[in-house]
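Heads up: the structure comes next, in C-alpha cells.
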Amino acid sequence: MEALFPWIGLLVLILIFLILDLGIFNRVPHKISMREAFAVSLVWIFLSLLFNVFIWYWKGGEPALAFFTGYLLEKLLSLDNMFIFAVIFNFFEIAPRHQHRILFWGVLGAIVFRLLLILIGVKLIEVFDWVLYLFGAILIYSSYKFFIERNEPAKVETNALMLWARKWIPLRENYKGRRFFLHINGKWFATPAFLVLLTIETSDIVFAIDSIPAIFAITLDPFIVFTSNIFAVLGLRSLYFLLAHVIPRFYYLQHALSVILGFVGIKLLLANHFKIPLGFSLSVIVGTLVIAILASLWKDKYAQNPD
Numbered sequence: 017m018e019a020l021f022p023w024i025g026l027l028v029l030i031l032i033f034l035i036l037d038l039g040i041f042n043r044v045p046h047k048i049s050m051r052e053a054f055a056v057s058l059v060w061i062f063l064s065l066l067f068n069v070f071i072w073y074w075k076g077g078e079p080a081l082a083f084f085t086g087y088l089l090e091k092l093l094s095l096d097n098m099f100i101f102a103v104i105f106n107f108f109e110i111a112p113r114h115q116h117r118i119l120f121w122g123v124l125g126a127i128v129f130r131l132l133l134i135l136i137g138v139k140l141i142e143v144f145d146w147v148l149y150l151f152g153a154i155l156i157y158s159s160y161k162f163f164i165e166r167n168e169p170a171k172v173e174t175n176a177l178m179l180w181a182r183k184w185i186p187l188r189e190n191y192k193g194r195r196f197f198l199h200i201n202g203k204w205f206a207t208p209a210f211l212v213l214l215t216i217e218t219s220d221i222v223f224a225i226d227s228i229p230a231i232f233a234i235t236l237d238p239f240i241v242f243t244s245n246i247f248a249v250l251g252l253r254s255l256y257f258l259l260a261h262v263i264p265r266f267y268y269l270q271h272a273l274s275v276i277l278g279f280v281g282i283k284l285l286l287a288n289h290f291k292i293p294l295g296f297s298l299s300v301i302v303g304t305l306v307i308a309i310l311a312s313l314w315k316d317k318y319a320q321n322p323d
C-alpha cells in the first residue's frame, strides 16, 4: 500500500493543477498573450524543477538526474507536436480564445493514455528482455522518418481520421464556438472543436509511441518515466502559445530531434551490453539542441541579410 502513496499524491497534485488552470485562471475564454504564456511557462518549469528537487531528496541524485534528463527529452520531442497543433487550429479556423480549452482536454487525455502506455511498456520490459531491442529499433526508424519528412507540411484534409470522422460522425461544420457537441432538433452533432480534439489526441498517441520508448532509454523506473512525461506535457499548452509562431524559424529543430531519437535508440539497443552514463546522455541532448538553435539562428539571419 505504501508504494501507492507517491502515485496517489502525484495524481491528486495533477488534478489540483488542472482545476486551477481551467476552473480558475482560464474560466473565461480569452486569447493567451505572449506575456501570459511566458509567465505560465515559467511557473510550469519552476514546478517541474521543484518536483525534481523532491525526487533528489526522496530517491537520490541518480533518479533526480534521470528525471531531469527525461523531462528535457520529452519537452524537446513535444516541440514537433506544436507544428501539428498550429496546422490543425488554422485548418479548422479555431479562434485563439478557444484554443486553450481544447488543449486542456487534450492534455487530460494524454495523461491517461501515457499512464496506460507506460505501465504496459514497463510490464513488457519486465517479462520480455527483447522488448528493449524492439523499442530501440522503433526509435531508430523514427529518427530516419523525422529526417526524411522534416520539410513536409502536415496535411489535415487527407488525414485518415478526418476522412473517417467526416463520413461517420454527424458534424456541424459552420459552428465556430468552443463546445464539442451540439443538441439541435433532437439530434447530437459534433463540432470542429471536437474534430480538433480528436486529432490532437490521436497525434499525441502516435507521438507517445516515440517518446515513451525514448524515456525508457533514460530510466526504467515507472514513477520517474511517468512524472517526467507528465510534467513535460503539463507545460505544453503555455509553451505552444509562446513558441507556435517562432518554432518554424528553427529550421534545424527536426534535424536535432532526428539525432536525439537516433542516439536514444542506439542507447536502448546497447542497454543490456553497455550502459551509457546519464550525464553523457544529458550532454548529447543539450549539445544537439544548442547546435540546432545556433545553426537555425545563423540561417535565419543569413536569409534576411544574404549580402
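Heads up: the sequence shown begins at 17 in our numbering, then just goes up one per residue.
Don't be surprised by glycine CBs; every beta carbon is placed ideally from N, CA and C.
What is the DSSP secondary structure of residue i, reduced to helix, strand or coil?
i      : result
Phe163 : helix
Leu198 : strand
Trp146 : coil
Glu109 : coil
Pro229 : helix
Asn97  : helix
Thr215 : helix
Phe290 : coil
Ile234 : coil
Gly193 : coil
Lys47  : coil
Phe266 : coil
The beta strand (DSSP E) with residue i in it runs from where to where?
i      : result
Ala206 : Lys203 to Ala206
Taking the alpha helix (DSSP H) that residue i belongs to, which residues open and close that run?
i      : result
Thr243 : Pro238 to Leu250
Tyr73  : Met50 to Lys75
Phe279 : Leu269 to Leu285
Ile30  : Phe21 to Leu34
Excluding five sequence neighbours on each side, which residues of the same chain lie with their C-beta closer than 6 Å to the C-beta of residue i?
i      : result
Ile225 : none
Ile48  : His116 and Phe257
Phe83  : Asn68, Ile71, Ile240 and Ser244
Phe266 : Ser312
Val138 : Pro238
Can you tell me which residues form a DSSP beta bridge with residue i?
i      : result
Leu187 : Ala206
From residue i to residue j, what does the alpha carbon distance come to, in whole angstroms?
i      : j      : result
Pro186 : Phe107 : 19 Å
Leu213 : Ser57  : 22 Å
Ser297 : Glu189 : 47 Å
Ser244 : Leu133 : 14 Å
Leu31  : Arg253 : 16 Å
Leu6   : Leu66  : No answer is possible for residue 6: the residues shown for the chain start at 17 and end at 323.
Leu277 : Ile156 : 7 Å
Val59  : Val69  : 15 Å
Lys192 : Leu211 : 12 Å
Leu119 : Gly76  : 34 Å
Leu89  : Ile234 : 9 Å
Gly202 : Phe21  : 46 Å
Ile136 : Pro238 : 10 Å
Leu255 : Phe62  : 14 Å
Pro229 : Gly152 : 7 Å
Phe54  : Asp145 : 43 Å
Leu92  : Ile200 : 43 Å
Val123 : Phe105 : 16 Å
Ser64  : Val280 : 22 Å
Asn288 : Leu140 : 15 Å
Ile309 : Ile221 : 27 Å
Ile110 : Ile164 : 30 Å
Under 7 Å Cβ to Cβ from residue i, same chain only, skipping five residues before and after it: list those, please.
i      : result
Tyr149 : Leu285
Ile231 : Gly86, Leu89, Glu90, Val241, Ser244 and Asn245
Leu273 : Leu92, Leu93, Asp96 and Phe162
Within its chain, find whatever has a CB closer than 8 Å to the CB of residue i; leave out the 5 residues flanking it on each side and keep chain order.
i      : result
Gly295 : Leu81
Arg195 : Thr207 and Ala209
Can you find a CB in chain B that lies within less than 8 Å of the CB of residue i?
i     : result
Ile35 : Considering every chain present, this structure includes no chain B. It has just one protein chain.
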